[in-house]
Amino acid sequence: MTESRTPERRSSLAGRLARLGFTDAARAERLLADAERGSGVPLDDDLLDALGGTADPDLALDGLLRLLPSADEKGVGGELREALAGEPGTRECLTAVLGVSAALGDHLVRHPEHWRVLRDGQTITAGHPRADLLDAVGADPGAAEPVASGSGRETLVALRVAYRRRLLALAGRDLSGVADIAVVAAELADLAAAALEAGLAIARAEVPGHGTCRLAVIGMGKCGGRELNYVSDVDVIFVAEAREGAAEDEALRTASRLASAMMRACSSSTEEGALWEVDAALRPEGKAGPLVRTLASHRAYYERWAKTWEFQALLKARPVAGDAALGARYLDMITPIVWEAAEGESFVEDVQAMRRRVEADLNQRTADSERQVKLGPGGLRDVEFPVQLLQLVHGRVDETLRARATLDALDDLSRGGYVGRDDAAALSAAYRFLRRVEHLVQLHRLRRTHLVPDDEDGLRRLGRALRLRPDPVREFTALWRRHAREVRRIHEKLFYRPLLRAVARLPGEEARLTPAAASARLEALGYADPAGALRHIEALTSGVSRRAAIQRTLLPVMLGWFADAPDPDAGLLGFRQVSDALGTTPWYLRLLRDDVTVAERMAWILGSSRYATDLLLRAPEAVALLGSDAALAPRPFETLRAEALAGVRRHAEGAAPAEEAVVVVRAQRRRELFRVAVADLLGLVDVRTVGEALTGIAAVTVEAALLAAVHKIEGASREPLPTRMAVVAMGRFGGHELGYGSDADVMFVHDPDPGADERTAGRAAHAVAEELRRLLSLPAPDPPLEIDPNLRPEGRQGPLVRTLASYTAYYARWSEPWEAQALLRADPLIGDAGLRDRFRALIDPVRWPDGGIDDDAVRQIRRLKARMESERLPRGVDRRLHTKLGPGGLADVEWVAQLLQLQHAHEVPGLRTTRTLDALDAAVGARLLDAADAAVLAEAWCLATRIRGATMLVRGRASDLLPTDHHRERSAVTRVLGYPAPGDLLEDYRRRARRARAVVDRVFYGAD
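Going letter by letter, the sequence shown gives residues 3 to 1010 in the working numbering.
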């Protein structure tokens, strides 16, 4: 097998060793040459390839060269050499272990016969390790209470040797890829449990009178969860009871001695080292409490004194050694207490606060937090904590979520819809990766550490162990950081999910949403039709689909949120309708589950506003807007305009009918109305902002419809329109004060092109205006936008469209004072820019005449106002509750502002505005109106405007009356406006209106 080592061969070997990953190829070559001459190490290609495939070829070679002489001394060297030469699986497994773990290499040098556990086909791990370790300490595995043959050093050494033999076999399966991380962690926990059982057998040999008590060892933490790592403290709790006939006090003292002796048996240092520390600090009262308690004492503590974190720790509790029946009784006792813990006051907040304290403490104690694979940002704890919190909150009612192991629990949470599939997959992949890294860093020296190495060699060993080539350091670091970032992101999302707090506050029966509990709760919450509500709940939650599972999580909380809204029944019905429309989309329920802001806002909107609910049902995807205040801010006018006009042009270029173009524009309008309505309902916008936003939406819609109409008329005539057109906004439209139910008052003006026939131009302009009105009156899902042209000269008797010259002539000869007043609100918003400017120049002298209006005109305006008050109010209506025409209502305030404009706008530029509140501000600035009077008028105008808006939002129908008859509507308007009770709203409105009317009488009518 050997041949002379010529210079050419040495050079060739050194190059190959370097390519295989040896960091010091020359040293490795010397070691191989020496070993070949002295020990007969077979230097075939297969062995070199196996060494080069390990995490650290230099470490593997060193370990192998130390093992072979030791094996020769024990008489197993020949068998080992034959296996290395003829058994590929054995060769790969042995070198893999030697290339990762210097500590296991040392163990093999001390016990070279143990290499056989790494042999192909070896079945050492086929059985439970309990019998193996009990045999090692001379105890009978079949005995009810095994007792070791002794408790001296020899027995302790035998336990450690047997334990490490098992550990070596498991590491071989782990590092050769035979066992995945979940299997390895579970078998490590089983091995630890077996060691505890053997340690207890040693303790029985040491403690006289051990038969007077029963002692159960409860595994906690990773041992209890069957997800242990290679080197870790093993957390336990002890529970004991006296045997029949024995005194309890004496039995407990004996049990305490047994527990202490068992802990020493595992943690005492010997020439074979220690196993690990046995930590009982998770027991009641921690280190200050007794080491051993009875079952009754445990119960009393957990029912009265336990802190939040102790219940979280008990999630993993599992009997692992000692009296199995007593351990089972402990588990039966503790299980219901654990799953009821989340109902405690501030449970979720306490767990979250504890997590923050742990992180802060880590950052203060160490500068290595970024290297912490366990406690650092994006580490194992960032996966385990949210999983455990979700289990505690939702596992109360869903018993499928009670798995102890993190990966199993994560799978269950994903399957049940409590965690999104993508998030669960990302967490699972990251957790497996991080656990693998943790195992590798611990295996190297068999030391308890969770720190990723900061040296190049250590990082290289990790990267190669994870099969990252060709640049293991860079690739490992990038992969680790990527997993850590993703874990941290999802941790923040899940662990601090506000929905958890809401679910945790529900009593258990309510969280389960059983029919009886739901019916009783619905009635108690104030649902008018509990039976109907129950039908909606059953429709949403029935079945085994993921969609139904998520609804079962959401609805118990949302039922309370619907009940907080004015109309819970309408809210639940709307939620069912939106869910039916969107339930199959992947993002909808995920959004509600993961973003409590969306769910809570949706409940309020659906239970408060028929107007917003109708808009949402026609465009259910708009629910995504509820996630942030920024998304609900009204969009800029120019942005909306560009979007709408681009849509119309696309349809025109594609020769699509004008009706299709307007459908697109009206869909935009529907979405924007929903945006503004929700912002209004949530108190995110004020009166002025709402009016400006609604006016902008209407203007964009009208302009887009005008463009579509022009395209259609031009298409029908096959020639360009022979005139320029503009649309003049009037009334509230021109004042930028539109409400949700306002018509769009307009006038149409056109100006024929030079050389065009005036009659032809007039017919074309008329056709465009009629087509615009038709397009906007077509049945559609959005609320109607009525185009009202009746404020034009001569009203309904006059032509629908006039030329600019016709308007000039009319206003010069025929206009009445009221028409000049109407023009105060005229704003040419839409159409040809030049024509709009010329129309504005035409009407400015009419509405803001030089020298103002004379006394006769003032008297006419006052008489007209008085006549309107007496004639236009509907019969039988309490005029004091009419927000538009009643005393102190909108008309009162607006006529004051308009009279001041007619009188003084020629000399006060600030009064040249179409906006009521701006005119009042300008009047104050010019000292035409007392600031206190202006404030009274503005407050009354704003409240009346808000009442009209809230009434429309609540009812879905416009009304100028303060609601007084329908109890639910009156209460809803009151709630939407933020008043505690309907009487408070009524009193406030009457007070403000009364004060405003006093100002009107004095300023407008000239009363003393």
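Cβ atoms here follow ideal geometry from the backbone N, Cα and C, with glycine treated the same way.
Keep in mind that this is a model prediction, so the values were computed, not measured.
If I follow the unbroken alpha helix (DSSP H) through residue i, where does it start and stop?
i: residue 208; result: 183 to 208
i: residue 925; result: 918 to 927
i: residue 870; result: 857 to 873
i: residue 131; result: 131 to 138
i: residue 622; result: No alpha helix (DSSP H) holds residue 622; DSSP gives it neither H nor E.
i: residue 374; result: Careful: residue 374 lies outside any alpha helix (DSSP H) and carries neither H nor E.
i: residue 598; result: 598 to 610
i: residue 174; result: 155 to 177
i: residue 589; result: From DSSP, residue 589 is part of no alpha helix (DSSP H); its letter is neither H nor E.
i: residue 978; result: 969 to 978
i: residue 528; result: Note, residue 528: premise wrong, no alpha helix (DSSP H); not H, not E.
i: residue 558; result: 548 to 566
i: residue 71; result: 59 to 75
i: residue 272; result: Per DSSP, residue 272 belongs to no alpha helix (DSSP H) and is neither H nor E.
i: residue 78; result: Taken as a continuous stretch (DSSP letters only), residue 78 belongs to no alpha helix (DSSP H), as it is neither H nor E.
Among the options, which one has its Cα closest to the Cα of residue i?
i: residue 683; options: 560, 631, 46 and 731; result: 631
i: residue 721; options: 734, 763 and 695; result: 763
i: residue 1002; options: 990, 987, 934 and 949; result: 934
i: residue 944; options: 905, 990, 957 and 906; result: 990
i: residue 475; options: 179, 456 and 663; result: 456
i: residue 342; options: 398, 331, 381 and 380; result: 398
i: residue 63; options: 806, 36, 263 and 964; result: 36
i: residue 1017; options: 257, 841 and 810; result: What the structure shows of the chain is the stretch from 3 to 1010, and residue 1017 is not part of that stretch, so it cannot be assessed.
i: residue 267; options: 189, 152 and 959; result: 152
i: residue 377; options: 792, 495, 155 and 440; result: 440
i: residue 852; options: 884, 914 and 410; result: 914
i: residue 634; options: 581, 187, 583 and 691; result: 691
i: residue 919; options: 625, 308, 892 and 905; result: 892
Looking at the unbroken beta strand (DSSP E) that takes in residue i, where does it start and where does it end?
i: residue 265; result: Residue 265 -> not in any beta strand (DSSP E); alpha helix (DSSP H) instead, spanning 250 to 269.
i: residue 752; result: 746 to 754
i: residue 241; result: 236 to 244
i: residue 831; result: 829 to 833
To which residues of the same chain is residue i closer than 7 Å at the C-beta, ignoring the five residues directly before and after it?
i: residue 128; result: Note that residue 128 scores 48 on pLDDT, short of 50, meaning its location in the model is unreliable and no value can be drawn from it.
i: residue 833; result: 708, 727, 728 and 729
i: residue 1007; result: 864
i: residue 477; result: 465 and 470
i: residue 214; result: 244, 245, 248, 252, 253 and 256
i: residue 626; result: 593
i: residue 480; result: none
i: residue 5; result: Because residue 5 sits at a pLDDT of 44, beneath the cut-off of 50, its placement in the model cannot be relied upon, and the following sentence gives the value as read from the coordinates. Within the same chain, residue 5 has no close Cβ partners at all.
What does a CB cutoff of less than 6 Å around residue i pick up in its chain, not counting 5 residues either side in sequence?
i: residue 928; result: 910
i: residue 977; result: 568
i: residue 823; result: 900
i: residue 941; result: 994
i: residue 259; result: 209
i: residue 374; result: 381 and 452
Who are the Cβ neighbours of residue i in its own chain at under 8 Å, not counting the five residues just before and after it?
i: residue 696; result: 675, 678, 740, 741, 742 and 744
i: residue 423; result: 416
i: residue 948; result: 689 and 979
i: residue 923; result: 912 and 936
i: residue 402; result: 414, 417 and 418
i: residue 544; result: 550
i: residue 120; result: 92, 95, 96, 99, 170, 171 and 174
Would you list the residues sitting across from residue i in a DSSP beta bridge?
i: residue 803; result: 750
i: residue 221; result: 238 and 320
i: residue 789; result: 746
i: residue 216; result: 243
i: residue 281; result: 237
i: residue 884; result: 963
i: residue 295; result: 241
*Could you give the uninterrupted runs of the alpha helix (DSSP H) lying entirely in the segment 667 to 743, keeping only those of 4 residues or more?*
Counting whole runs of 4 or more residues, the segment 667 to 743 contains the alpha helix (DSSP H) stretches 689 to 719 and 733 to 736.
*What are the complete alpha helix (DSSP H) segments, minimum 4 residues, inside the segment 428 to 483?*
Counting only runs of 4 or more, we get 458 to 467.
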